[in-house]
Amino acid sequence: MGLVSVRPSTGYPEIDSELFVNGEPLIIYGEPGSGKTNLVLKILRESLRIGMNASYISTEGSLVLERMDRMGILDFEALHIAFAQSLSHLAKLVSEAIIAERSIVVIDSINSLYRTEVGFTPRANEIFLGILAMLKHHSLSGRWSIATAQVREIEDLEPSGIDLISFYCKNLARVSKNARGIRILEVRGKKYRFKITEDNVIFSTRVSTLR
Numbered sequence: 283m284g285l286v287s288v289r290p291s292t293g294y295p296e297i298d299s300e301l302f303v304n305g306e307p308l309i310i311y312g313e314p315g316s317g318k319t320n321l322v323l324k325i326l327r328e329s330l331r332i333g334m335n336a337s338y339i340s341t342e343g344s345l346v347l348e349r350m351d352r353m354g355i356l357d358f359e360a361l362h363i364a365f366a367q368s369l370s371h372l373a374k375l376v377s378e379a380i381i382a383e384r385s386i387v388v389i390d391s392i393n394s395l396y397r398t399e400v401g402f403t404p405r406a407n408e409i410f411l412g413i414l415a416m417l418k419h420h421s422l423s424g425r426w427s428i429a430t431a432q433v434r435e436i437e438d439l440e441p442s443g444i445d446l447i448s449f450y451c452k453n454l455a456r457v458s459k460n461a462r463g464i465r466i467l468e469v470r471g472k473k474y475r476f477k478i479t480e481d482n483v484i485f486s487t488r489v490s491t492l493r
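Using my numbering, the letters of the sequence shown map in sequence onto residues 283 to 493.
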């Protein structure tokens, strides 16, 4: 099936085996401040280190560049960075990344512009579905698609647009931060603790099964 034999990496093989599924886009969702962006940047850096090339598309402005610089991500020539200004612009950027045959296409976040435009852009649902379909096609071609997704409310555990997202993207992972400040990645019935440092994301070696 695939053209790319190498899969993305977190730097932790046990987590990689749960997180990355051939032919399936990965959606990492969670509350604001839970660590979604830091986690995808960790994946981006580790994947670039093993020789993959990538497109990173931000829908939330250029503030992420400071964090990328601290993590050493901007040093990689195999990385293309773009900033989407609208849902239709995001669709164009995703299409260009796929045409360029990037090993990994990362969108951070995939549904923020959809949340903004769905109330007044007549074709918002159609455009959003088109983006999801492109990510699915990219994954089925043997490459990789990764995106973060915002939840509807702080108390809500589902991403905005989940009905549309789940039509094309079955591989979902949740990131959360509890009252004690402990960050957890939950995927496929397992949870992994992690912490964010000045220039890295570090997982604990302890892995527990969800009850």
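The beta carbon of each residue, even a glycine, is placed where N, CA and C say it ideally should be.
Can you list, in chain order, the stretches of the beta strand (DSSP E) that have 3 or more residues and sit fully within the region 449-475?
As far as the region 449-475 is concerned, its whole beta strand (DSSP E) runs of at least 3 residues are 453-459 and 465-469.
Relative to the C-alpha of Phe542, which candidate in Ser458, Leu345 and Gly412 has its C-alpha closest?
Outside the shown range of the chain (283 to 493) lies residue 542, about which nothing can therefore be said.
Using 8 Å as the cut-off, can you tell me whether the region 323-338 makes contact with the region 441-449, which would need three or more C-beta pairs spanning the two stretches below that distance?
Not touching, per the Cβ criterion.
What are the partner residues of Gly312, as DSSP defines its beta bridges?
Paired residues: Gln432 and Val457.
Spatial distance of Ile407 from Val400 (CA atoms):
Note that residue 407 is Asn in the sequence shown, not Ile. Approximately 7 Å between the Cα atoms of the pair.
Determine the contact status of Tyr311 and Arg456, defining contact as a CB-CB distance below 7 Å.
In terms of Cβ geometry, Tyr311 and Arg456 form a close pair [threshold 7 Å].
For Gln367, the nearest candidate out of Leu375, Arg352 and Leu361 (CA to CA)
Comparing Cα-Cα distances from Gln367 to each of Leu375, Arg352 and Leu361, the minimum goes to Leu375.
Local conformation of Ser423 per DSSP, three classes
The answer is coil: DSSP assigns Ser423 none of H, G, I, E or B.
Nearest-angstrom Cα separation, counted from Ile464 out to Arg405
As the crow flies, the alpha-carbon of Arg405 is around 40 Å from that of Ile464.
Inter-residue CB distance, Val387 and His419 (contact presumed, cutoff 8 Å)
Not a contact, Cβ separation roughly 11 Å.
If I measure Cβ to Cβ from Ser370 and keep anything under 7 Å in the same chain, skipping five residues before and after, which residues do I get?
Cβ within range, chain order: Ile409.
With distances taken between CB atoms, is the gap from Ala429 to Ile392 smaller than 7 Å?
In this structure, Ile392 lies closer than 7 Å to Ala429 by Cβ.
Within 10 Å of its beta-carbon, does Asp481 have 16 or more other beta-carbons around it, so buried, or fewer, so exposed?
Result: exposed.
If you follow the alpha helix (DSSP H) that Asp298 is part of, which residue opens it and which one closes it?
Per DSSP, Asp298 is one residue of the alpha helix (DSSP H) stretching across Pro295 to Leu301.
Inside the region 383-415 only - alpha helix (DSSP H) runs reaching at least 4 residues:
Correct list: 394-399.
Output the residue ranges of the alpha helix (DSSP H) runs that lie fully inside the region 328-385 and measure 4 residues or longer, sorted by chain position.
With a minimum length of 4 residues, the continuous alpha helix (DSSP H) runs that stay inside the region 328-385 are 346-352 and 369-381.
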